[in-house]
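Residue numbers (the numbering used here): 62 to 397. Where is the CB? At the ideal position from N, CA and C, for every residue including glycine. This structure is a prediction, so every number in the text was calculated from the model and none was measured. These notes are about the structure you will find just below.
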């Protein structure tokens, strides 16, 4: 009697009923499409390309994509797609390399000069609860308050809650809607110009007349959101590119406010590469979200950047009713 050879793997697949083969193909497609998306996102992030307004929005969700990639590895293994699981694992690990340092404090030595506690709040068209803002300033013993979306009515409401007594010195450019901005401080301020290019929103700048050896330059930042029309994305990149460089021969410089950018955007990282450090990243708090709107997952778009002669001792994030942004507090340490 003739012996029948066992079918090869290819013959076995051909022997499968058509419905089963179709199911296998659809499972492969189901696993493959998210892995391709993860690959595109990882490539953009690692190369530093922001792309168009859609990829800019996607890059803001990079930490979520990294976590989702790990889940997809498990799913791919469960449905028997080992090679796709391996690809997803490599992509997730590559994103983990850039995400993990955000929860690890630098741990390096700090300067030994004067300490300055700076708080930044986007007031969301002036609707942020003024009592909460003033309470946070008082409790945190903030020396400087940097505001975005500051309206004339918000100035009045904040002063009625006692802000003028806490921070009597100010450079304010209030405007209706979301275009206004301001800097308020315990110490005298001198208004200066740090941004020479046209901007969508007010970005006032001032010098803090401190008691130590160094005064401090502060720019209130509010960059155009890169969503909506493609023109907004172009203006967003233009405004980030136009931020002033640190002045190594002049006063220490701080840029604080709503950058509408995360640590996963190439334009923002190029700004850091020009000589700035992100306070939240330096203190291991860079995964704390500062903004959430409706269905969008919370992300970190409010930052305190300082030139590298300065250090950051701590960073904290506080909820403020009435606005979609959180308050960001950083304790800066100046050089002696």
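Residue i versus residue j - alpha carbon distance
i, j, result
"residue 324", "residue 124", "10 angstroms"
"residue 103", "residue 155", "7 angstroms"
"residue 74", "residue 82", "Bear in mind that the predicted position of residue 74 carries a pLDDT of just 48, short of 50, making it unreliable; the figure below should be weighed with that in mind. For residue 74 and residue 82, the distance between alpha carbons rounds to 7 angstroms."
"residue 164", "residue 79", "50 angstroms"
"residue 170", "residue 344", "12 angstroms"
"residue 306", "residue 89", "49 angstroms"
"residue 210", "residue 235", "8 angstroms"
"residue 191", "residue 222", "7 angstroms"
"residue 349", "residue 167", "16 angstroms"
"residue 189", "residue 106", "33 angstroms"
"residue 326", "residue 119", "10 angstroms"
"residue 380", "residue 397", "33 angstroms"
"residue 377", "residue 205", "15 angstroms"
"residue 212", "residue 242", "8 angstroms"
"residue 85", "residue 138", "14 angstroms"
"residue 71", "residue 333", "Confidence at residue 71 is low in this model, with a pLDDT of 48, below 50, so its placement is unreliable and no value can be given for it."
"residue 257", "residue 240", "17 angstroms"
"residue 274", "residue 200", "27 angstroms"
"residue 151", "residue 255", "43 angstroms"
"residue 195", "residue 373", "23 angstroms"
"residue 296", "residue 185", "20 angstroms"
"residue 217", "residue 238", "15 angstroms"
"residue 352", "residue 320", "11 angstroms"
"residue 153", "residue 261", "36 angstroms"
"residue 135", "residue 146", "7 angstroms"
Check whether residue i and residue j have beta carbons under 9 angstroms apart
i, j, result
"residue 294", "residue 173", "no"
"residue 233", "residue 265", "yes"
"residue 390", "residue 371", "no"
"residue 127", "residue 157", "yes"
"residue 193", "residue 318", "no"
"residue 129", "residue 91", "no"
"residue 277", "residue 231", "no"
"residue 253", "residue 208", "no"
"residue 386", "residue 182", "yes"
"residue 187", "residue 225", "no"
"residue 360", "residue 121", "yes"
"residue 148", "residue 96", "yes"
Expected contact under 8 angstroms - CB spacing of residue i and residue j to nearest Å
i, j, result
"residue 339", "residue 366", "6 angstroms"
"residue 219", "residue 246", "In fact, because the Cβ distance is near 14 angstroms, the residues do not count as touching under 8 angstroms."
"residue 198", "residue 227", "6 angstroms"
"residue 175", "residue 271", "6 angstroms"
Counted within 10 angstroms of its Cβ, other Cβ atoms place residue i as buried (16 or more) or exposed
i, result
"residue 364", "buried"
"residue 281", "buried"
"residue 290", "exposed"
"residue 263", "buried"
"residue 329", "buried"
"residue 309", "exposed"
"residue 354", "exposed"
"residue 87", "exposed"
"residue 395", "buried"
"residue 115", "exposed"
"residue 63", "Because residue 63 carries a pLDDT of 49, less than 50, the predicted location of this residue cannot be relied on, and no value is offered for it."
"residue 69", "For residue 69, the predicted structure reports a pLDDT of 49, less than 50, and the residue's modelled location is therefore unreliable. The matter cannot be settled from this model."
"residue 292", "exposed"
"residue 142", "buried"
"residue 144", "exposed"
"residue 357", "exposed"
Closest Cα partner of residue i within the set the options
i, options, result
"residue 299", "287, 309, 308, 310", "287"
"residue 347", "185, 356, 322", "322"
"residue 229", "249, 388, 253, 342", "249"
"residue 285", "362, 212, 331, 342", "362"
"residue 133", "94, 217, 335, 201", "94"
"residue 336", "352, 314, 283", "314"
"residue 159", "342, 148, 304, 184", "342"
"residue 368", "304, 358, 113", "304"
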